[in-house]
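Trainee: Residue numbers (the UniProt record's numbering): 1 to 734.
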Amino acid sequence: MDTIQEHKIIGKKRKRRAALSCNDCRRRKLKCNRELPCNTCTKGNTAWMCTYSRDNECTLVNPDEGGSPRSLEVTEASFTAALPRHLDSRIVPQELAKLEKKRYELLEERVKVLESQLATISQGMVVEPPKSDEHSDDREPARIQPTALIGLLKGNNYGTFSYGPTSPVTIVVHFPELRPFMRSIYPSSGLQRVREEMRAWEDRVQPITPNSVLSVNRLRDLLPDRTTTELLINQYMDTFETTYRILHIPSFWDDYKSFWEAPLGADSDMEALVMAILACVLCTSTHETTRHNPNGSTFRSRAITWIRACEAWLKRQSNKHRTLAALQVRCLRLLALKTTCLKTKEIYQETQEHMGFVKNMGLHRDPNILGSRCSIFNGEMRRRLWATSLELELQASIDRGLPSATSNLEHDSAVPRNLNDSELHKDMQQLPVSQPTAVFTDSSFCHILMQTAATRIKLCQMTNGIKYGPNDKEITEYEEEINKALEKLPNWPDPRSTQVKTHLDLHLRQFLIILHTPRALQVSLGNKHQALYSTLACLEAAGAVVDSHYSLMKAGNFTLCSIRSDYFRAALVICHIAYHTNDDSSKIILRVVQAMFDDTMDKALALLEERCMRPGRGSHQYWYISAARSLVQIKLAPHRAELFKRQATDRVSRLLYKTLSLQDDPSEDFLANEVILANNPNYSEARSNPYATSELPVDPITNSGLRLDAQSLGDASEWMLDNFWFLDDFPTLQ
1 MDTIQEHKII
11 GKKRKRRAAL
21 SCNDCRRRKL
31 KCNRELPCNT
41 CTKGNTAWMC
51 TYSRDNECTL
61 VNPDEGGSPR
71 SLEVTEASFT
81 AALPRHLDSR
91 IVPQELAKLE
101 KKRYELLEER
111 VKVLESQLAT
121 ISQGMVVEPP
131 KSDEHSDDRE
141 PARIQPTALI
151 GLLKGNNYGT
161 FSYGPTSPVT
171 IVVHFPELRP
181 FMRSIYPSSG
191 LQRVREEMRA
201 WEDRVQPITP
211 NSVLSVNRLR
221 DLLPDRTTTE
231 LLINQYMDTF
241 ETTYRILHIP
251 SFWDDYKSFW
261 EAPLGADSDM
271 EALVMAILAC
281 VLCTSTHETT
291 RHNPNGSTFR
301 SRAITWIRAC
311 EAWLKRQSNK
321 HRTLAALQVR
331 CLRLLALKTT
341 CLKTKEIYQE
351 TQEHMGFVKN
361 MGLHRDPNIL
371 GSRCSIFNGE
381 MRRRLWATSL
391 ELELQASIDR
401 GLPSATSNLE
411 HDSAVPRNLN
421 DSELHKDMQQ
431 LPVSQPTAVF
441 TDSSFCHILM
451 QTAATRIKLC
461 QMTNGIKYGP
471 NDKEITEYEE
481 EINKALEKLP
491 NWPDPRSTQV
501 KTHLDLHLRQ
511 FLIILHTPRA
521 LQVSLGNKHQ
531 ALYSTLACLE
541 AAGAVVDSHY
551 SLMKAGNFTL
561 CSIRSDYFRA
571 ALVICHIAYH
581 TNDDSSKIIL
591 RVVQAMFDDT
601 MDKALALLEE
611 RCMRPGRGSH
621 QYWYISAARS
631 LVQIKLAPHR
641 AELFKRQATD
651 RVSRLLYKTL
661 SLQDDPSEDF
671 LANEVILANN
681 PNYSEARSNP
691 YATSELPVDP
701 ITNSGLRLDA
711 QSLGDASEWM
721 LDNFWFLDDF
731 PTLQ
């Protein structure tokens, strides 16, 4: 009997229980309060997706037919049964029609959202769809991730050079009007005439200045007199050594006192160290007026000879028995390459090689793990040299537009202590307690800067992405973090702290420009209000960067303008913003630009003039800013176009004529491509050092027949922005 009843129950057609939840809650098996929109969809920011279906609720399941559902005719009663319980008693046909209309309105809104997202994609923005999570109560809203700034490639085939988003040259990609303007004003200008005069000078001196190899018995033979040497060393101590910590000052002076009285013999560590210091500081020196020769300034030529001599000395050093002096010479060599504009296209490669060397030494690990194998004094010197190497590599990565090599490197070397060098000595058994940051010491720069190293390394990685850059939330968070760090910078009364304060400010403030530049340059691709804020932030930060450099230069300190390029980036950003902001919708920006443009451009050009006159290289950057300034002035005052065009070329012509008027007859010693130390019997056997794996690096400018590639306008592609990929591929920004 029970069996018969059971078969009857199974054979009956059972009506599926009405699902009262909205479609999304039912699919995700979430609790629904049966409102329109429901609480779950509202919390998940998907209220526009909250709908109640009729088709799926009114189905019968027939076991005899294999359990497949069959649809019933949708009637008013069946739809009412599928509505939320608290609504079914009050539903009338007219209200059903209203609900149906509301549902279609929600669908239309959804279509509009999808269309806007599709339009955003077509304009270069990537929309990440919300991730589906069956076990989550909230749904993440669609997140718009900005694309990264487009970088540059220069050259052809395998002879290319890459410049990423944070490289100053990348701004040229978003300033497509600049290149045609430069090409239009060059013919029949003073630049052509000065080019012909420079070429005549080159042709006249080329036959009498063959590429040479300079052979000397010892390094000391290349040093100037003692008075000049000490003057340059003191200048180095007052400038470079207040920021990048490479030497232990008391130990250096103790060894230096006996250096001149020591008998002549094999080259000592002190000779190489002194020569590296002189090469580093000479082009920033004010002890005499520099002259010029076909290789650049006489300062640069002499410094290059010293750099070559240091490289020859490094080639002789054992890679197994490394010394502190060898590591110090390596760090000083990198600074010397910057101040002399030697191998400018390879400075990133040089810093990466140096970073690989110090990582191989284990400087990224804290010396405490070595225990008694590393003295307290040497441990602190290791921390200082690691901090210096990290900062040099990070800045080179920013200027080249590539992520830092330390982005994914785990390092636990502690921050150098805020101590004066007089508190450290070789026989010490315990490190003194670090001074507060409000107390200025010899190591304040490294101590403070390393506290923000992780943030700056992360920003370098984020802003140099190939596909994506930082989104709006990340920009806001990092901007706030940088501003807090700037506010915490102490204002020391010590006059020796001027360069330290300026350098700390520049290291942090450059990231405000880098963070906001994508939104400021790509106004049409983002929110207008966000673009307005980023544009104003860029103008403020760029103006502050130029002012800081200019104030230091007017005080007679040319160190930072010789090793940094952030003022060049700042000037390009200001010119771009000024050129593309003169419509009625940006009156605020236009007023700011008009108030600061002329004064800031005067300062930027003065900095660039000093930068290219001291080493005799880099005048093409001066040409970029001069042309960009005139282009902006023409946009703001079209009736004076001819005057501004003439000024763009005349400024550069005056600079090059000034260089030409200071030309001296070249000296063979100053034009040496290589220095050989004749007193080294094992010269050909020195293979342990990385420098010994190949021939000594040769200055590409000197080795190319002494042509003034940085100043010869007809042959140098940098002058007309030739051979840069993408410049002809992108439309003009509106």
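Even glycine gets a Cβ: it sits at the ideal position worked out from N, Cα and C.
Bear in mind the structure is a predicted one, so any value in this text is a computation, not a measurement.
Closest to residue 453 by C-alpha separation, out of 487, 390, 433, 436, would be which residue?
Mentor: Working through the sequence shown from its first residue, we reach residue 453 at position 453. Of the listed residues, the one whose Cα sits closest to residue 453 is 390.
Trainee: Measuring alpha carbon to alpha carbon, tell me which residue in 550, 424, 272 is nearest residue 384.
Mentor: Stepping through the sequence shown from its first residue, residue 384 is reached at position 384. Residue 424 is the option with its Cα nearest to residue 384.
Trainee: Run through the DSSP bridge pairs and tell me what residue 676 is partnered with.
Mentor: By one-based count along the sequence shown, residue 676 stands at place 676. For residue 676, which the question treats as bridged, DSSP gives the partners 215.
Trainee: Return helix, strand or coil for residue 663, following the three-state DSSP convention.
Mentor: For the purposes of this step, residue 663 is taken as the residue at position 663 of the sequence shown. It is a strand residue.
Trainee: Would the beta-carbon of residue 626 fall within 7 Å of that of residue 652?
Mentor: One-based indexing of the sequence shown puts residue 626 at position 626. One-based indexing of the sequence shown puts residue 652 at position 652. Yes, Cβ-Cβ distance for residue 626 and residue 652 is below 7 Å.
Trainee: With H, G and I counted as helix, E and B as strand and the rest as coil, what does DSSP make of residue 31?
Mentor: As a working note, residue 31 is residue 31 in the sequence shown. Of the three classes helix, strand and coil, the one that applies to residue 31 here is coil, per DSSP.
Trainee: Give the DSSP-derived three-state secondary structure of residue 70 in the structure shown.
Mentor: Against the sequence shown, residue 70 aligns to sequence position 70. Residue placement at residue 70 cannot be trusted, given a pLDDT of 38 that sits under 50; the coordinates are not used to answer.
Trainee: Can you give me the Cβ contacts of residue 588 inside the same chain, cut-off strictly under 8 Å, excluding the 5 residues immediately before and after it?
Mentor: Indexing the sequence shown from 1 puts residue 588 at position 588. Same-chain partners within the cutoff: 532, 536.
Trainee: Between 549, 575, 553, 552, which has its C-alpha nearest residue 538's C-alpha?
Mentor: Position 538 of the sequence shown, counted from the start, is the residue given in the question as residue 538. Answer by Cα proximity: 575.
Trainee: Between which residues of its own chain and residue 578 is the CB-CB distance below 6 Å, once the five residues before and five after are set aside?
Mentor: Here residue 578 corresponds to residue number 578 of the sequence shown, with the count starting at 1. The answer, listed in chain order, is 593, 597, 632.
Trainee: Rounded to the nearest angstrom, how far is the Cβ of residue 376 from that of residue 429, given a contact under 8 Å?
Mentor: Numbered from its first residue, the sequence shown carries residue 376 at position 376. Numbered from its first residue, the sequence shown carries residue 429 at position 429. Contact holds; Cβ gap of about 6 Å.
Trainee: Please state whether DSSP places residue 81 in a helix, a strand or coil.
Mentor: For the purposes of this step, residue 81 is taken as residue 81 along the sequence shown, with counting starting at 1. The predicted position of residue 81 is uncertain, since its pLDDT is 42 and thus under 50; no value can be drawn from it.
Trainee: Where do the ends of the alpha helix (DSSP H) carrying residue 181 lie?
Mentor: To locate residue 181, count along the sequence shown from 1; it is residue 181. Residues 178 to 185.
Trainee: Check whether the Cβ of residue 636 lies closer than 7 Å to any Cβ atom in chain C.
Mentor: Considering every chain present, this structure includes no chain C. It has just one protein chain.
Trainee: Identify the continuous alpha helix (DSSP H) that holds residue 579 and give its terminal residues.
Mentor: Position 579 of the sequence shown holds residue 579. Its alpha helix (DSSP H) spans residues 566 to 579.
Trainee: Given a cut-off of 7 Å, decide if residue 272 and residue 336 are closer than it, judged by their beta-carbon atoms.
Mentor: Your numbering for residue 336 matches position 336 in the sequence shown. Your numbering for residue 272 matches position 272 in the sequence shown. Not a contact, by the Cβ cut-off of 7 Å.
Trainee: Would you give the residue range spanned by the alpha helix (DSSP H) that residue 359 belongs to?
Mentor: Within the sequence shown, residue 359 is the residue found at index 359, counting from 1. Its alpha helix (DSSP H) spans residues 347 to 361.
Trainee: How would you label residue 412, buried or exposed, when you count the other beta carbons within 10 angstroms and need 16 or more for buried?
Mentor: Counting from 1 along the sequence shown, the entry for residue 412 is found at position 412. Exposed is the call here.
Trainee: What residue does the alpha helix (DSSP H) around residue 161 start on, and which one ends it?
Mentor: Stepping through the sequence shown from its first residue, residue 161 is reached at position 161. Where residue 161 is concerned, there is no enclosing alpha helix (DSSP H), although the beta strand (DSSP E) it sits in stretches over 161 to 163.
Trainee: Between residue 419 and residue 460, which are expected to be in contact by the criterion C-beta below 8 Å, what is the C-beta distance as a whole number of angstroms?
Mentor: Working through the sequence shown from its first residue, we reach residue 419 at position 419. Working through the sequence shown from its first residue, we reach residue 460 at position 460. So it is not a contact: roughly 28 Å between Cβ atoms.
Trainee: Taking 7 Å as the cut-off, decide whether the C-beta atoms of residue 170 and residue 151 are in contact.
Mentor: On the sequence shown, position 170 is the one that residue 170 refers to. On the sequence shown, position 151 is the one that residue 151 refers to. A contact, by the Cβ cut-off of 7 Å.
Trainee: Determine the closest residue to residue 192 out of 572, 678, 654, 674, with distance taken between C-alpha atoms.
Mentor: One-based indexing of the sequence shown puts residue 192 at position 192. Comparing Cα-Cα distances from residue 192 to each of 572, 678, 654, 674, the minimum goes to 654.
Trainee: Can you find at least 3 beta carbon pairs, one from the region 291 to 308 and one from the region 242 to 252, that sit closer than 8 Å?
Mentor: The region 291 to 308, when compared against the region 242 to 252, does not touch it at the 8 Å Cβ threshold.
Trainee: Leaving out five residues before and five after residue 235 in sequence, what residues of the same chain have Cβ atoms less than 7 Å from its Cβ?
Mentor: Here residue 235 refers to the residue found at position 235 of the sequence shown. Taken in chain order, the residues that qualify are 281, 285.
Trainee: Does the Cβ of residue 158 have 16 or more other Cβ atoms within 10 Å, making it buried, or fewer, making it exposed?
Mentor: Taking the first residue of the sequence shown as position 1, residue 158 is located at position 158. Counting Cβ neighbours within 10 Å, residue 158 comes out exposed, since fewer than 16 surround it.
Trainee: For residue 251, name the three-state secondary structure that DSSP assigns.
Mentor: By one-based count along the sequence shown, residue 251 stands at place 251. Looking at residue 251 - three-state DSSP - the assignment turns out to be helix.
Trainee: From the DSSP output, in three-state form, read off residue 715 for me.
Mentor: Mapped onto the sequence shown, residue 715 falls at position 715. Legend: pLDDT at residue 715 = 43, less than 50; position of this residue unreliable, no value from coordinates given.
Trainee: Pick helix, strand or coil for residue 296, following the three-state DSSP scheme.
Mentor: Within the sequence shown, the letter at position 296 stands for residue 296. Strand.
Trainee: Does the Cβ-Cβ distance between residue 401 and residue 165 come in under 7 Å?
Mentor: Sequence index remark: in the sequence shown, residue 401 carries index 401 (1-based). Sequence index remark: in the sequence shown, residue 165 carries index 165 (1-based). It is a contact, given that the beta carbons lie within the stated cut-off.
Trainee: Between the Cα of residue 565 and those of 549, 656, 595, 441, spot the shortest distance and give me the residue it belongs to.
Mentor: In the sequence shown, the residue the question calls residue 565 occupies position 565. Looking at the Cα atoms, 549 is the closest of the given residues.
Trainee: Hey, could you find the ends of the beta strand (DSSP E) residue 152 is sitting in?
Mentor: Here residue 152 refers to the residue found at position 152 when the sequence shown is read from its first residue. Residue 152 -> beta strand (DSSP E) spans 152 to 154.
Trainee: Along the chain, where does the alpha helix (DSSP H) containing residue 398 start, and where does it finish?
Mentor: Taking the sequence shown and counting its residues from 1, the one referred to as residue 398 is at position 398. Segment 376 to 400, the alpha helix (DSSP H) holding residue 398.
Trainee: Among the residues of its own chain, which have a CB less than 7 Å from the CB of residue 600, if the five just before and after it don't count?
Mentor: Position 600 of the sequence shown, counting from 1, holds the residue named residue 600. 543, 546, 574, listed in sequence order.
Trainee: Please list, in chain order, all residues of the same chain as residue 664 whose beta carbon is under 8 Å from its beta carbon, the five residues on each side excluded.
Mentor: For this step, residue 664 is matched to residue 664 along the sequence shown. So the list reads 291, 292, 293, 298, once near-sequence residues are dropped.
Trainee: Could you compute how far the alpha carbon of residue 241 sits from the alpha carbon of residue 642?
Mentor: Position 241 of the sequence shown holds residue 241. Position 642 of the sequence shown holds residue 642. If you take the alpha carbons of residue 241 and residue 642, they lie about 48 Å apart.
Trainee: Would you report the Cα separation of residue 190 and residue 604, rounded to the nearest angstrom?
Mentor: Sequence index remark: in the sequence shown, residue 190 carries index 190 (1-based). Sequence index remark: in the sequence shown, residue 604 carries index 604 (1-based). Taking the straight line joining both Cα atoms gives about 22 Å.
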